[in-house]
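Presented below is the structure to which this report refers.
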Amino acid sequence: MKLVEVDTNVGLYISSIYPDVMDVGPYRGQPILTIGFDEPSDGEDTYNSHSIIEWIEAKRLHPVKNARAKRIVALRGDDPFRQNIRALCQALWSYDYVPVIHCTGEFGPDPGTEITKTRRVDGDAEMPGFWLNALNIDVVCKPRTKRIKGSLLPHITHCVYYADLDRMGSDGLLPDLAKPPASLVPSCVHMIYTREDEKEALTEHGYTLVKVGGV
């Protein structure tokens with residue numbers, strides 16, 4: 000299965016690029032490189048996919064130097080799906096990086112005009128988010144509202160929530176936030192807690208518990 004070529008000159012609003020440690024989601028506790036996305040704004044500078052990667056390569060920014068180890072890159076900050084990140088993810092993949100997308104669930108995987116284009120790829124119709132499957136990209140969703148965008152649901156591999164004893168329901172989740180997709184096993188739901196009583200209340204559900212300030 001091949002990917003359709005996309006425009007690598009699409010401008011992206013980037014706020015920061017820095018070495019980090021994965022706090023939630025897959026590869027938790029491993030060294031990563033974070034690309035922080037900024038809210039799209041008129042008049043701000045933008046960067047295309049290749050200029051971003053060339054800068055990362057030239058500065059040797061990724062903390063993992065072993066060529067045989069996974070070089071994980073987390074796309075996070077203002078929801079990356081607000082921008083057309085497909086070309087960046089394909090370019091990262093071609094340079095042997097492993098992209099992981101952190102999002103809010105409010106936006107689908109193909110913003111703007113790209114979502115309206117249906118093309119044939121090896122006999123299959125390319126639908127929104129096809130490239131996420133093709134590149135085997137993990138999507139970590141930290142919901143901010145009661146609803147997750149329908150086109151994003153099939154691609155979510157992990158969900159993240161903050162524990163709140165005063166508001167949580169019998170399932171340990173908050174009633175005013177979207178539930179994780181039914182396909183997710185409990186261990187792929189990460190609960191961030193600050194107090195031991197929160198940890199005790201959540202243990203029975205089988206969620207992965209993450210204490211603030213540690214991994």
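Following numbering that gives the first Met the number 0, the numbering of the sequence shown begins with 0 at its first residue and continues without gaps.
The beta carbon of each residue, even a glycine, is placed where N, CA and C say it ideally should be.
Segment contact: the segment 155–165 against the segment 188–200, three or more CB-CB distances shorter than 8 Å; contact assigned. Sequence-distant partners of Ser186 (beyond 5 residues in either direction) whose C-beta falls short of 8 Å from its own C-beta, in its chain, are Gly205, Tyr206 and Thr207. Judged by DSSP secondary structure, Leu131 falls within the alpha helix (DSSP H) whose first and last residues are Phe129 to Ala133.
Around the beta carbon of Arg146, fewer than 16 other beta carbons lie within 10 angstroms, which makes this residue exposed. Setting aside the 5 residues that flank it on each side, Ser14 is surrounded in the same chain by Gly35, Phe36, Asp37 and Gly76, each with a C-beta closer than 7 Å to its C-beta; the list follows chain order.
Straight-line spacing of the CA atoms in Pro127 and Glu43 works out to 28 Å. Assignment of His61 by DSSP, reduced to helix, strand and coil, places it in the coil class. One thing to note: Pro142 has its Cβ within 8 Å of the Cβ of Leu176. Residue state for Phe36 is assigned as strand, using DSSP reduced to three classes. With 16 or more other Cβ atoms inside 10 Å of its own Cβ, Tyr96 counts as buried. Between Ile55 and Gln29, the beta carbon gap of about 17 Å keeps them out of contact (Cβ cut-off 8 Å).
Excluding residues up to 5 positions away in sequence, Tyr12, Arg81 and Gln82 lie with their Cβ nearer than 7 Å to the Cβ of Pro39 in the same chain. Burial state of Asp109 is buried, judged by a 10 Å Cβ sphere holding 16 or more other Cβ atoms.
A residue is called buried when at least 16 other Cβ atoms come within 10 angstroms of its Cβ; Ser48 meets this threshold and is buried.
The beta carbon of Gly171 sits closer than 6 Å to the beta carbons of Leu201 and His204 from its chain, once the five residues preceding and following it are set aside; these are given in chain order. In the three-state reduction of the DSSP assignment, Ile52 falls in the helix class, which pools H, G and I. Per the C-alpha coordinates, the member of Pro18, Tyr26 and Thr45 positioned closest to Leu60 is Pro18.
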